[in-house]
Amino acid sequence: ATTKDAEFDFVCVREADRPLLLDYFDSRLAGKKNKFPLAVRRFRRLRILWQGLTLHFDDKLWPRKGQRARNPSEIEITVKPSALTILQPATARQPKLGGRSDVTGLVNDIAGKQATV
Numbered sequence: 026a027t028t029k030d031a032e033f034d035f036v037c038v039r040e041a042d043r044p045l046l047l048d049y050f051d052s053r054l055a056g057k058k059n060k061f062p063l064a065v066r067r068f069r070r071l072r073i074l075w076q077g078l079t080l081h082f083d084d085k086l087w088p089r090k091g092q093r094a095r096n097p098s099e100i101e102i103t104v105k106p107s108a109l110t111i112l113q114p115a116t117a118r119q120p121k122l123g124g125r126s127d128v129t130g131l132v133n134d135i136a137g138k139q140a141t142v
């Protein structure tokens, strides 16, 4: 993933894919450079027609407990250029994380791309 292309990397992880994703994270934290096992789609605008099951958005459930959504519901996600700024110290030493010197490096490696921060 790169932060300057105004595109979002989208990965759909089904319940059956969960072991693949967890194994990949474990291998990355162990310092291995395995290929990402799931399809990654890039977009600036995404429309999803949804019905039925609960969805997770940034670790939050939708609809929330006790709420009901219209069936079917349309969800639209739009990436706005420069809407998010990521700050990273130029020379500060970060604690080691799974053999990496910073969290950004680990996330960039997980995405399988050299990110521009």
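Counted the way the working numbering counts, the sequence shown spans residues 26 to 142. Backbone N, C-alpha and C fix where the C-beta goes; we use that ideal spot for every residue, glycine too.
Hey, residue i and residue j are a contact pair by Cβ (cut 8 Å); roughly how many whole angstroms apart?
i: residue 84; j: residue 65; result: The Cβ separation is near 20 Å, so there is no contact.
Roughly how many angstroms separate the alpha carbons of residue i and residue j, rounded to a whole number?
i: residue 63; j: residue 50; result: 12 Å
i: residue 88; j: residue 104; result: 22 Å
i: residue 68; j: residue 101; result: 12 Å
i: residue 72; j: residue 82; result: 14 Å
i: residue 77; j: residue 97; result: 8 Å
i: residue 43; j: residue 95; result: 28 Å
i: residue 47; j: residue 80; result: 19 Å
i: residue 74; j: residue 113; result: 37 Å
i: residue 37; j: residue 115; result: 33 Å
For the ligand FAD, is there any heavy atom lying closer than 8 Å to the beta carbon of residue i?
i: residue 81; result: The ligand FAD is absent from the structure shown, which contains no ligand whatsoever.
Within the continuous alpha helix (DSSP H) that includes residue i, where are the two ends?
i: residue 52; result: 43 to 54
In the DSSP assignment, the beta strand (DSSP E) including residue i goes from what residue to what residue?
i: residue 74; result: 70 to 75
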